[in-house]
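Shown next, in structure tokens, is the structure this report addresses.
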Amino acid sequence: MRGEPTLYIEHGIDTQNHPPVAVPLYRVSPARKDILNDEINRLLNERIIEPCESPYAAPVVLVPKPIGSFRLCIDYRKLNSVTKTDAYPLPRIDDLLQITKHTQYMSTIDLKAGYHQMNVTVSDETKRLSPVLSALIDLFACPLE
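Counting with full-length UniProt numbering, you get residues 1 to 145 for the letters of the sequence shown.
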């Protein structure tokens, strides 16, 4: 089940007055269409997605995982090409490791589907849509890009 998104951060999609971007569906084999249907139904049941309407659309892609199953991804390349990028640079991993080299205790956490825990800014919600088998699907939270 999907947890409640954080209230501390939202993800904005600044397309700078560019007209809506809509990319048609990619073709899917009958076997993968069944897998796609199952995954869409699971996401609908978990309330991660919902049916919707919008002038924006990005196609879904089933990417094979090493264990033999598939990951549902959305191809946002066209939307990304018109989206203003953040100027804030990510910290270098070697600098971060240098800072923590004298730390006595370290821990890690693996957040499965953690990107579903961050909302998209309300004004940008229609930009994260995907046409799936003749229906537009709206992700409730930030999709994996």
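All C-beta atoms, glycine included, are put in the ideal place defined by N, C-alpha and C.
Could you give the distance in angstroms between the alpha-carbon of residue i and the alpha-carbon of residue j?
i: residue 103; j: residue 92; result: 18 angstroms
i: residue 37; j: residue 16; result: 34 angstroms
i: residue 56; j: residue 126; result: 6 angstroms
i: residue 62; j: residue 50; result: 19 angstroms
i: residue 87; j: residue 108; result: 28 angstroms
i: residue 89; j: residue 95; result: 13 angstroms
i: residue 140; j: residue 122; result: In this prediction, residue 140 scores a pLDDT of 46, lower than 50, which makes its location untrustworthy; no coordinate-derived value is stated.
i: residue 97; j: residue 40; result: 39 angstroms
i: residue 32; j: residue 9; result: 35 angstroms
i: residue 67; j: residue 24; result: 29 angstroms
Starting from the C-beta of residue i, find all residues in its chain whose C-beta is less than 7 angstroms away, skip the five residues before and the five after it, and write them out in chain order.
i: residue 14; result: 83 and 84
i: residue 28; result: 36
i: residue 64; result: 70
i: residue 30; result: none
For residue i, does the count of other Cβ atoms within 10 angstroms reach 16, so buried, or fall short, so exposed?
i: residue 21; result: buried
i: residue 72; result: buried
i: residue 19; result: exposed
Near residue i, which residues of its chain fall below 6 angstroms by C-beta distance, leaving aside the five closest residues on each side in sequence?
i: residue 26; result: 59
Leaving out five residues before and five after residue i in sequence, what residues of the same chain have Cβ atoms less than 8 angstroms from its Cβ?
i: residue 100; result: 106
Do we get a CB-CB distance below 8 angstroms when we pair residue i with the residues of chain D?
i: residue 81; result: Among the chains of the structure shown, chain D does not appear; only one protein chain is present.
Notebook entry, point to check: Between the region 34-46 and the region 76-88, do at least 3 Cβ pairs fall closer than 8 angstroms?
Noted result: no
Next item on the list: Kindly provide the ranges of any alpha helix (DSSP H) runs that are 4 or more residues long and lie completely inside the UniProt domain "Reverse transcriptase" (63-127), ordered along the chain.
Entry: 77-81 and 93-99
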